[in-house]
Amino acid sequence: MYLNEGFFGGGSEGPVCKACKLPILKGQPVTRVAFDGNAHDMSGDYHKACGKPFASMANALNMMSRFGR
Ligand SMILES: [Zn+2]
């Protein structure tokens, strides 16, 4: 997964949704998704609506990585 590194270099003013790349504004519902292992690039904050599929993906992946050990 390729991320635009430069995007994070400047003075960012807050969390950016990892899915749609738009800033998460104050008061917007946020879903924090944490991926284990090699998908951790995708960990971060999402708008609640954007994060829904990622949250369930994270649950599944994290469960697999736990069982895989
Ligand atoms: Zn979003």
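Those letters in the sequence shown? Residues 2 to 70, by my numbering.
Don't be surprised by glycine CBs; every beta carbon is placed ideally from N, CA and C.
Counted within 10 angstroms of its Cβ, other Cβ atoms place residue i as buried (16 or more) or exposed
i	result
A20	buried
A59	buried
C-beta contact flag for residue i and residue j at 7 Å
i	j	result
K49	P30	yes
Straight-line gap, residue i to residue j (C-alpha atoms, nearest Å)
i	j	result
D42	V34	11 Å
G38	D46	17 Å
T32	N63	16 Å
K24	P16	The sequence shown places Pro at residue 24, not Lys. Going from the Cα of P24 to the Cα of P16 covers about 6 Å.
C18	K27	12 Å
R67	S44	17 Å
K22	C51	10 Å
A61	F36	10 Å
Residues whose Cβ lies closer than 5 Å to any heavy atom of ligand 1, in chain order: C18, A20, C21, H48 and C51
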